[in-house]
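What follows is a set of notes on a single structure, which appears directly below.
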Amino acid sequence: MEERQTGLRSVAVAVCTRGRPEMLRAALRSLAALDLPGIDCRFIVVENNDVQTVAPVVAELADAVGPDRVALRLEPRLGIASARNNALDAALAMGVDALAFIDDDEVAEPRWLAELVGEANRRGLDLVGGPVGLQPAPPDATAAERMVWRGLAARCRDNEARGRRLAARGRDDRVTVTTGNWLADLGFIRRTGLRFDETLVLSGGEDTAFFRALRKAGGRTGWTPDAVASESWPRERLTLAYQFRRARDQALARHRAKYPKADPGAAAASVGIVLFKVVGGGVRALQSVFDGGASLVRAARAFGAAAGIIGALHGRRSRHYETVSGR
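Numbering (my numbering), first residue to last: 42 to 368.
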């Protein structure tokens with residue numbers, strides 16, 4: 042791809058948040074420390090709540106970068122897609138060239154945004170993402186929770202390795218770009234009118250649906266290993282039961298994004314996937330005997346994904362974002 046003629050020079054970085062101010066504080070501190078060579082950067086925080094509660098936390102970011110560069114917005118309609126569209130509207134109103142998203146339970150490396158912008162400009166990408174790693178386990182985690190953390194860390198490494206392999210072969214357009222590490226050219230968004238699908242409400246999967254819609258509209262996507270963010274996993278997430286539920290809900294959301302309308306072929310296509318997940322989960326459970334139990338995470342997630350696909354075929358919807366985990 043040819044380098045874009047004008048380049049992305051101004052960016053709004055958005056964080057959507059609900060009910061975890063300490064995680065938000067860590068995320069915003071990492072954004073305040075970004076290395077921004079030649080980038081005009083603004084920040085948008087959207088609180089998905091009935092009332093504003095995070096103003097003191099956001100004020101710390103404003104003190105660090107300047108109050109004119111920070112916008113705090115309230116989105117009272119509960120749902121991550123509504124919050125993301127609120128941020129999108131704010132960025133469009135600002136007139137910036139690009140919008141980036143990072144989650145409120147993540148922190149960004151200092152070069153995170155510069156690498157996303159650089160990759161988008163070098164390759165003329167309309168949407169670009171990067172890896173999301175894992176922050177260290179909580180110091181008070183139990184042995185069982187540390188086992189789950191090790192399984193998650195292995196999964197993160199494998200996901201990043203896959204992205205690197207595809208990028209090395211020029212096939213990184215096959216990596217689904219999700220909003221934990223995400224930057225879009227707003228020129229393309231203005232031309233196409235793309236939005237996050239608010240019918241997904243509490244299920245999640247709005248970023249996968251957006252990715253598919255952008256690709257369908259002719260958008261160019263890519264992935265760079267150098268734009269690094271990392272996710273916090275509090276103790277309540279470090280259980281096999283949570284991993285099962287999260288994988289189940291992600292599978293529900295993905296199935297809905299792929300088959301937004303009833304499709305007779307979906308059931309037939311899904312049977313093989315369900316069988317593959319069940320068999321794969323069994324293999325991972327056996328493998329866990331030899332790796333200290335870490336593969337039990339993949340087993341739980343495989344069984345959860347199978348349950349999610351079956352649930353989707355029966356019309357079930359995920360409500361993953363109804364409950365907040367973390368502080």
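Beta carbons: idealized from backbone N, C-alpha and C, even for Gly.
N- and C-terminal bounds of the alpha helix (DSSP H) containing residue i
{"i": "Gly-263", "result": "Gly-263 -> not in any alpha helix (DSSP H); beta strand (DSSP E) instead, spanning 262 to 264."}
{"i": "Ala-161", "result": "153 to 164"}
{"i": "Ser-71", "result": "62 to 73"}
{"i": "Ser-123", "result": "121 to 135"}
{"i": "Val-365", "result": "Taken as a continuous stretch (DSSP letters only), Val-365 belongs to no alpha helix (DSSP H), as it is neither H nor E."}
{"i": "Ala-353", "result": "337 to 354"}
{"i": "Glu-101", "result": "96 to 106"}
Span of the beta strand (DSSP E), counted from its first residue to its last, around residue i
{"i": "Ile-85", "result": "81 to 88"}
{"i": "Asp-226", "result": "223 to 226"}
{"i": "Thr-58", "result": "51 to 58"}
{"i": "Ala-270", "result": "270 to 272"}
Cβ separation of residue i and residue j, assumed to be a contact under 8 Å, to the nearest whole Å
{"i": "Trp-274", "j": "Leu-133", "result": "Not a contact, Cβ separation roughly 33 Å."}
{"i": "Thr-58", "j": "Val-95", "result": "6 Å"}
{"i": "Val-218", "j": "Trp-264", "result": "7 Å"}
{"i": "Pro-78", "j": "Ala-161", "result": "Wrong, their Cβ atoms sit about 15 Å apart, outside the cutoff."}
{"i": "Asp-214", "j": "Thr-249", "result": "With 8 Å as the limit, Asp-214 and Thr-249 do not qualify as a contact, their Cβ atoms being about 15 Å apart."}
Assigned secondary structure, residue i (DSSP; H/G/I helix, E/B strand, else coil)
{"i": "Trp-190", "result": "helix"}
{"i": "Ala-258", "result": "coil"}
{"i": "Phe-142", "result": "strand"}
{"i": "Leu-114", "result": "A small fix is needed here, since residue 114 is Arg in this sequence, not Leu. Reduced to three states, the DSSP call for Arg-114 is strand."}
{"i": "Glu-147", "result": "strand"}
{"i": "Arg-45", "result": "Any answer about Arg-45 is weak, because its pLDDT of 49 lies below 50 and its placement is not dependable; what the coordinates show is given next. Here Arg-45 sits in coil by DSSP."}
{"i": "Gly-174", "result": "strand"}
{"i": "Val-218", "result": "coil"}
{"i": "Leu-168", "result": "strand"}
{"i": "Ala-250", "result": "helix"}
{"i": "Val-92", "result": "coil"}
{"i": "Val-312", "result": "helix"}
{"i": "Asp-238", "result": "coil"}
Proximity below 9 Å, CB of residue i to CB of residue j
{"i": "Asp-76", "j": "Pro-151", "result": "yes"}
{"i": "Arg-253", "j": "Gly-352", "result": "no"}
{"i": "Leu-49", "j": "Asp-145", "result": "no"}
{"i": "Glu-116", "j": "Val-98", "result": "no"}
{"i": "Lys-89", "j": "Leu-119", "result": "Per the sequence shown, the amino acid found at residue 89 is Asn instead of Lys. Yes, they are a contact pair."}
{"i": "Glu-63", "j": "Arg-368", "result": "yes"}
{"i": "Leu-243", "j": "Ala-182", "result": "no"}
{"i": "Gly-221", "j": "Gln-284", "result": "no"}
{"i": "Ile-85", "j": "Ser-51", "result": "no"}
{"i": "Leu-241", "j": "Ala-124", "result": "no"}
{"i": "Ala-149", "j": "Met-135", "result": "no"}
{"i": "Cys-372", "j": "Val-56", "result": "It is not possible to answer for residue 372, since the shown part of the chain is limited to 42 through 368."}
{"i": "Gly-165", "j": "Leu-157", "result": "no"}
{"i": "Ala-326", "j": "Ala-195", "result": "no"}
{"i": "Arg-167", "j": "Phe-251", "result": "The question names Arg, but residue 167 in the sequence shown is Asp. It is not a contact, given that the beta carbons lie outside the stated cut-off."}
{"i": "Ala-347", "j": "Gly-313", "result": "no"}
{"i": "Arg-110", "j": "Val-365", "result": "no"}
{"i": "Arg-297", "j": "Arg-232", "result": "no"}
{"i": "Arg-287", "j": "Pro-179", "result": "no"}
Check: residue i C-beta below 8 Å from any heavy atom of the ligand SAM
{"i": "Phe-84", "result": "As presented, the structure is devoid of all ligands, the ligand SAM included, so that no description of it is given."}
Contact with chain B by residue i, beta-carbon distance below 9 Å
{"i": "Gly-165", "result": "Within the model displayed, chain B is absent; a lone protein chain is all it includes."}
Would you check if the segment 197 to 210 and the segment 284 to 296 touch, i.e. whether three or more CB-CB distances between them fall below 8 Å?
no
With a cut-off of 8 Å, do at least 3 Cβ pairs link the segment 234 to 253 to the segment 115 to 131?
yes
Counting Cβ pairs, one atom from each stretch, are 3 or more of them under 8 Å apart for the segment 185 to 193 and the segment 338 to 345?
yes
Would you be able to state if there are at least three C-beta pairs under 8 Å between the segment 317 to 332 and the segment 257 to 276?
no
Are three or more beta carbon pairs between the segment 225 to 233 and the segment 133 to 142 nearer than 8 Å?
yes
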